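As numbered in my numbering, residues 1 to 305 make up the sequence shown, in order.
Notes follow once the structure below has been shown.
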Amino acid sequence: MLNLILIVVSLILIIKMADIFVDQATSLSKKLKVSGFFVGFLLVSLGTSLPELATSLYSTHVGHPEIAISNVIGSNIANILLVLGSLALFSKYRLKSIDVNFNIPLLLSVTSATLLVIAINSYIITPFVGIILLLVFLISAYLINRSNHTNNIKSTTKFNMLFLIGSIVLLVIFSKICVDNILVFANQLNIPEVLIGYFLLAFGTSLPEFATLYSSLKKGREDVGLGSIIGSNMFNLLFILGSTSLLSSLDLTGFKIEILFVLIVTVLLLIFGIIGKKNLISKREAIMLLSFYLLFVLIQILRSI
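Structure (structure tokens):
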């Protein structure tokens, strides 16, 4: 019973922290005269991915780099298929022209180029390749800042750096509390470990992004939410893998199917943005995104048998 109470309370606090963050991010973007998308791209991706970065670096240091690889791939797939798919199913998620014409194509280009380099290099990320990935992340951040405009941002919230940083930190902490108690509660209900791993942990990893995107939709600041998704995916793929490979070369030979899925889901996001009426991700397309996630989970279950 205590676990259930903690789950509910932490979810309420997660949404509240996401609300504060979106307000502060909007205020900061106005103050610095940068786009809300860029603030979401940089701050959310950095803030929510720091625990994953620390975990990846530590796991590689102690000789378990596969944890870092699976963490990055699983998070990137869940961000697009599970997070965007779920929210688009229950609300109208409309992409902006800049998203369809630049932001998502940039994500696709970076993802494709990165995976191509990895494949050419026999699915090994050497320290040299890792340095290239880090440089690509910095270049991508620069291009996004230059290409996304402020569009006369309106904000009545007074900017407070403490509130901004505090909301991100608490968002991550409450997400961890929520996930930990979900896992305990699931074990008490004898839910199979495979389902716990691929559904609950994937949801937990993407919970900060989910909350930020939900709050940004509610406040009409979709740019901040989508920025957090694209930023998180780029940070995971380029910064976390790049940084981790500096400690030890990463072998992705056993992740070929997962790598293909990362590319497919990124292409799907672009296609749905282009074919959608007025860049709207429809409920049918949302169901397709969620179906692809179920397919990914099914493949993982069959491979583990």
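Quick reminder that beta carbons are idealized off the backbone N, C-alpha and C, glycines included.
None of these values were measured; they are calculated from a predicted model.
Please state the DSSP three-state secondary structure of residue i.
i: Arg146; result: helix
i: Arg221; result: coil
i: Tyr123; result: coil
i: Leu250; result: strand
i: Leu82; result: helix
i: Leu13; result: helix
i: Leu42; result: helix
i: Leu189; result: coil
i: Leu237; result: helix
i: Leu95; result: coil
Does the distance from the CB of residue i to the CB of residue j come in under 7 Å?
i: Ser45; j: Ser232; result: yes
i: Leu241; j: Gly225; result: no
i: Gly63; j: Ile168; result: no
i: Ile124; j: Ser249; result: yes
i: Ile230; j: Asn101; result: no
i: Leu260; j: Ile118; result: no
i: Leu133; j: Leu295; result: no
i: Ser59; j: Ile69; result: no
i: Ser27; j: Phe163; result: no
i: Glu209; j: Val110; result: no
i: Val34; j: Lys219; result: no
i: Asn343; j: Ser206; result: The structure shown does not extend to residue 343, since the chain spans only 1 to 305, so no value can be given for it.
i: Gly85; j: Leu268; result: no
Leaving out five residues on either side along the sequence, give the residues of the same chain with a beta carbon under 8 Å from the beta carbon of residue i.
i: Ser10; result: Phe174, Ser175, Ile177, Cys178, Asn181
i: Leu115; result: Ile259, Val262, Leu263
i: Arg303; result: Ile257
Classify residue i as buried or exposed, calling it buried when 16 or more other Cβ atoms lie within 10 Å of its own Cβ.
i: Gly254; result: exposed
i: Ser122; result: exposed
i: Arg221; result: buried
i: Tyr93; result: buried
i: Met161; result: exposed
i: Ala25; result: buried
i: Ala286; result: buried
i: Ile20; result: buried
Within a Cβ cutoff of 6 Å, which residues of the same chain sit near residue i, ignoring the five residues on either side of it in sequence?
i: Asn3; result: Asn181, Val184, Phe185
i: Phe235; result: Ser45, Ser49
i: Gly130; result: Gly242, Ser245, Leu246
i: Leu108; result: Thr266, Leu270
i: Thr126; result: Ser249
Residue i: which of the options sits nearest, CA to CA?
i: Leu106; options: Leu295, Gly85, Val136; result: Val136
i: Ala323; options: Leu295, Gly63, Gly40; result: Outside the displayed range of the chain (1 to 305) lies residue 323, so it cannot be described from this structure.
i: Val262; options: Ile14, Phe292, Asp251; result: Phe292
i: Gly74; options: Val8, Ile20, Met288, Glu52; result: Glu52
i: Leu171; options: Leu302, Ile15, Leu217; result: Ile15
i: Ser215; options: Pro65, His61, Leu87; result: Leu87
i: Leu217; options: Ser91, Pro65, Leu6; result: Ser91
i: Arg284; options: Leu89, Ser140, Ala141; result: Leu89
Within a Cβ cutoff of 7 Å, which residues of the same chain sit near residue i, ignoring the five residues on either side of it in sequence?
i: Asn145; result: Val34, Phe38
i: Ile257; result: Ile299
i: Gly166; result: none
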